[in-house]
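Presented below is the structure to which this report refers.
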Amino acid sequence: MGSRLEKNSDAVRKRIQGHAFDDEEGEEYEGSTFGGFSDYMRRKKLKLQNLDADLRAQTSQNPQIFRGIVAHVNGYTQPSLADLHKLIVSHGGGFLQYLDGKTAVTHVIASQLTPKKKVEFAKYRIVKPAWIVDSVKAGKLLPWNDYRVVDEGVKQKVLGFENGSVVSQASTQRRGYRDQTETSWYTSQMRHENGDTEEPPEAPPPFAPEPGKPREMQSPVIPASPAVEADDFPGVSSIGEADLLAAMEDVPDADASFDEDDDGELMRPPPRLDPVPARSQSKPVLPPVQSADVPPITQRRPLTPEEYNAMLWQDAGGQPSAQKKPLTAEEHNAILLQNPHMAKSSTANPDFINQYYRESRLHHLSTWKADLKAQLQARAQEKSSTQRTRSKAPGARRYVLHIDFDSFFAAVSLRQNPHLVDKPVVIAHGSGPGSEIASCNYPARKFGVKNGMWMKTALELCSELNVLPYDFKAYEEASRHFYDSILAVEGVVQSISIDEALIDVSEQCIKAGGSDGKGISEGSIYREQEKAKQIASSIRDAVRDKTGCEVSVGIGNNILLAKVALRKAKPAGQHLIKPEEVLAFLGELEVTDLPGVAWSIGKKLEEIGVKYVKDIRELNKERLISALGPKTGQKLWDYSRGIDKQEVGEQVIRKSVSAEINWGIRFINQQQAEDFVQCLCDELSKRLLENLVKGKQMTMKIMRKAADAGMDPPKNLGHGKCDTFNKSVVLGVATTDKAVIGKEAISILRSYGFSPGELRGLGVQMQKLEPLKPMAASTSTVESSQRRLQFKKPAAVPATTPLKTTTETEEFKSSHKKTRPKLADEPDPIEEIANPKKERTVRLMEGPIPLPLETSVKHRP
DNA sequence: CCCGTGTGGTAG
DNA sequence: ATCGCTACCACACGGG
9 MGSRLEKNSD AVRKRIQGHA FDDEEGEEYE GSTFGGFSDY MRRKKLKLQN
59 LDADLRAQTS QNPQIFRGIV AHVNGYTQPS LADLHKLIVS HGGGFLQYLD
109 GKTAVTHVIA SQLTPKKKVE FAKYRIVKPA WIVDSVKAGK LLPWNDYRVV
159 DEGVKQKVLG FENGSVVSQA STQRRGYRDQ TETSWYTSQM RHENGDTEEP
209 PEAPPPFAPE PGKPREMQSP VIPASPAVEA DDFPGVSSIG EADLLAAMED
259 VPDADASFDE DDDGELMRPP PRLDPVPARS QSKPVLPPVQ SADVPPITQR
309 RPLTPEEYNA MLWQDAGGQP SAQKKPLTAE EHNAILLQNP HMAKSSTANP
359 DFINQYYRES RLHHLSTWKA DLKAQLQARA QEKSSTQRTR SKAPGARRYV
409 LHIDFDSFFA AVSLRQNPHL VDKPVVIAHG SGPGSEIASC NYPARKFGVK
459 NGMWMKTALE LCSELNVLPY DFKAYEEASR HFYDSILAVE GVVQSISIDE
509 ALIDVSEQCI KAGGSDGKGI SEGSIYREQE KAKQIASSIR DAVRDKTGCE
559 VSVGIGNNIL LAKVALRKAK PAGQHLIKPE EVLAFLGELE VTDLPGVAWS
609 IGKKLEEIGV KYVKDIRELN KERLISALGP KTGQKLWDYS RGIDKQEVGE
659 QVIRKSVSAE INWGIRFINQ QQAEDFVQCL CDELSKRLLE NLVKGKQMTM
709 KIMRKAADAG MDPPKNLGHG KCDTFNKSVV LGVATTDKAV IGKEAISILR
759 SYGFSPGELR GLGVQMQKLE PLKPMAASTS TVESSQRRLQ FKKPAAVPAT
809 TPLKTTTETE EFKSSHKKTR PKLADEPDPI EEIANPKKER TVRLMEGPIP
859 LPLETSVKHR P
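Set out below in structure tokens:
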């Protein structure tokens, strides 16, 4: 995996956010995309929102004619606001009490509007209340056009962003989000690979579902026979008919006016049909998933096709039989999860989080990266405290090495499969169409296969592709050897990732040159460069010896140049950029070859006529800054001239900790969603403790299926096209308490009132971190800082404690003791990359350096 | 000017 | 089938 590893594999959800609607006349509206409401901390609003979820959950039997619609009622109406609210929500719609300018409201309901309001609401569709009433009566969504309050005309046509001339003052010529979305990598990949599935061009507009239209869900719906038995994952049953029926169950009409005066508590728990352990109102501890909804283990007979059909085409409450009710998202998921394979790989499996993180390459990449960074920074700190830091001679030549494995995952996995080395090989989880390619060897690249590509595309490019599985253990092992070799070199080391590092070897090289490293002395410069090359070469040899894999090395006089030199070095080589070559070398690169420049900035540059780095030099700085912003503009101005002020090994302290999952999220009711959020918070709390920090601000991240996205995205159990919603809350006091975090997170989730079946991704993040108080002082700081660096081989440890079975209340669990029996006396060098799940070293944090976890544990009774 | 929140973008 | 994470920076915008 090179420096460009998975360049495209992420940044997925974020660029698919804006979606505009085509109404019945094909008129374009810029839907205000981002939902939520202005101030969820205000209790009253909160409650109003919460009701929606409850009400919606109870009325899923109603024809969900307003699905995809989010309404706001303005002014006095007949029927009343409350009645309209109830009608809308109980028929699948969303409702917002307040407009905050960037909510996801699609329609404003009003009997009439003042001229001022007309302007204010210009970007919404304004309809009369009768639209709601008549639609419910008709059992289907009627064309809203017939109920317009404002006449057709300029008033409702807004946002002429395409017209560049409109935006002038802002100095940055900005395109609408939608434009960016349409040309994003993700969108284009979707089109390329799956243009037929996710958004069929003939798909009905979201506001006019065609109820009778068959849905393309037959195959997942009807399992031939259960290939995975329920006890493949003990502790949970497969989703049975009971769940399915529960999801579709008739629920008595919700009381539209829950009392509003119990302000002391978070909110009213949703009323339920089946007996569910009630949430404790005083203690914010939520019941675990399996205790809530999942029935005891029973072997269930899968539904027969007839039964599915009965459900699928169930008549919607007395409608004419031609009018079949489309399934709600919850019903859809319930049916989907009938397939045991699906259930196992989704939130229906209580072990899902652990299982998922075990298999996710991106999760591994992130954890590895954080661990390595912490370890190397701790090492650097220790070094600088023991030996006087010599200040760098200003103006001296620098020699920075950027070292990187060639197609890391593939190379490591190929050692077990030497017969494939000359054949095209990729690393992926499977060979299904949506499987992502994490790494590909050079023979595969010759076919045009790239990291991050989906299997479908890769197979089109190369039909004889060999797919090898991940071997995370082996990657850690190879990385350990890699870092052993790097750390043996005299210089300043900075970890980039599991397979990538920087070393500043300036001091060594200048010493070899025999000058002060400033003056222009041909001989000295030559000797310096030769020294750098020789260091690079010996590192490559060392890593090859120990791992059997090739690394490449880029050498330059700053990080930027080392990085771009690496491109030229690959594969299995090294390249040094001499000072006199810098401008020519950089100039011929495309702008997107620069670090920090990818599709988005690349496109902005393209719009102002810049394709190559040398083109940047033609622009004055002001132009660049006005197009890209002050920092980015300045940075690129510098980069194009070979300037990079960043130093190797700069210390950065962690500012956030988070846990998110945006795959396999398929809920059939609100309870499951909330339980899952709690599990995420448990995980987050665990990570906070591992990092010895607590957080004062929490952010909840939500991905919800876009209104125009199909129920089943092209990627199996993927999130597909989504809207994203982030909301943060500042806690009174910093905490690691999973109950507190969970309470806040669930509160935010509820406040949005999303249909649980439409959730596609969830995450929780802590910011405003503070160091956790160290345990009672014990060992000397010196000793602890020495211990801090040990990369421990995890002792043979029992499986990690299941997420929800822990009853520990203490900050440090005693199980750590068992895990790491005799720690203080092991002077091993770096022995293995710490297992991210069980082993952590102390993180750098502001304030006093906390004692290492182990040390603290040791001294507890 | 500062600050805060929310969103976008990027990299590994 | 499939495992689309996570930290960090920059920016826009709104309010003092």
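Residue numbers (the working numbering): 9 to 869. Backbone N, C-alpha and C fix where the C-beta goes; we use that ideal spot for every residue, glycine too. Since the model is a prediction, treat every value here as computed from it, not as a measurement.
- Taking 9 Å as the cut-off, the Cβ atoms of H727 and I673 count as close.
- With a contact defined as Cβ atoms closer than 8 Å, I585 and L409 miss out at about 12 Å.
- By the neighbour-count criterion, in which 16 or more other beta carbons inside 10 Å mark a residue as buried, S648 falls on the buried side.
- By the C-beta criterion, the region 550-570 is judged to be in contact with the region 480-495, since at least 3 inter-stretch pairs fall below 8 Å.
- V665 and L697 have their C-alpha atoms spaced approximately 10 Å apart.
- Boundaries for P477: no beta strand (DSSP E) harbours it, and the DSSP string shows neither H nor E there.
- Under the three-state reduction of DSSP output, L584 falls in the strand class.
- Check the Cα spacing between R575 and each of L688, L602, A351: the tightest is with L602.
- Here DSSP, grouped into helix, strand and coil, assigns F733 to strand.
- Of the residues assessed, Y534 falls on the exposed side of the cut-off, its CB having fewer than 16 other CB atoms within 10 angstroms.
- Scanning M463, G769, V429 for the CA closest to the CA of E444 turns up M463.
- Counting of Cβ neighbours within 10 angstroms places V660 among the exposed residues, the total staying below 16.
- Q679 has its alpha-carbon roughly 12 Å from the corresponding atom of T355.
- Judged by DSSP secondary structure, R662 falls outside any beta strand (DSSP E); it is assigned neither H nor E.
- Where Q654 is concerned, there is no enclosing alpha helix (DSSP H), because DSSP gives it neither an H nor an E.
- Nearest Cα to K663 within the set K639, C689, K704: K704.
- D430 and A419 have their C-alpha atoms some 11 Å from each other.
- By the Cβ-count criterion, D553 is exposed, with fewer than 16 other Cβ atoms from all chains shown falling within 10 Å of its own Cβ.
- Residue nearest to T744 within the set S447, M706, V457 is M706 (criterion: CA-CA distance).
- Rounded to whole angstroms, the gap between the alpha carbons of L380 and V738 is 30 Å.
- Straight-line measurement puts the Cα of N724 at about 47 Å from the Cα of Y407.
- Shown here, I506 sits in coil according to DSSP, grouped into three states, outside any helix or strand.
- Here A667 is bridged, per DSSP, to V772.
- Boundaries of the beta strand (DSSP E) around R712: 701-713.
- Three or more pairs of CB atoms, one per stretch, sit closer than 8 Å, so the region 460-478 contacts the region 421-436.
- Per the coordinates, the alpha-carbon of E766 lies some 25 Å from the alpha-carbon of M774.
- Cβ neighbours of E498 within its own chain (closer than 6 Å, five residues either side excluded): Q516.
- Contact between A446 and N459 is confirmed by a C-beta separation of about 7 Å, below the 8 Å threshold.
- If the five residues before and after S529 are omitted, its C-beta is found closer than 7 Å to the C-beta atoms of S523, all from its own chain and listed in chain order.
- By the Cβ neighbour-count rule, Q654 is exposed, with fewer than 16 other Cβ atoms within 10 Å of its own.
- Looking only at V501, E468, E338, K454, the smallest Cα-Cα distance to L384 is reached by V501.
- In the DSSP assignment, L780 falls outside any beta strand (DSSP E), carrying neither H nor E.
- Here the C-alpha atom of R768 lies approximately 33 Å from the C-alpha atom of G637.
- Pairing S439 with D414, the inter-Cα distance amounts to about 23 Å.
- Counting along the chain, no beta strand (DSSP E) covers F675, and no H or E run does either.
- Judged by their CB atoms, L613 and L594 are not nearer to each other than the 9 Å cut-off.
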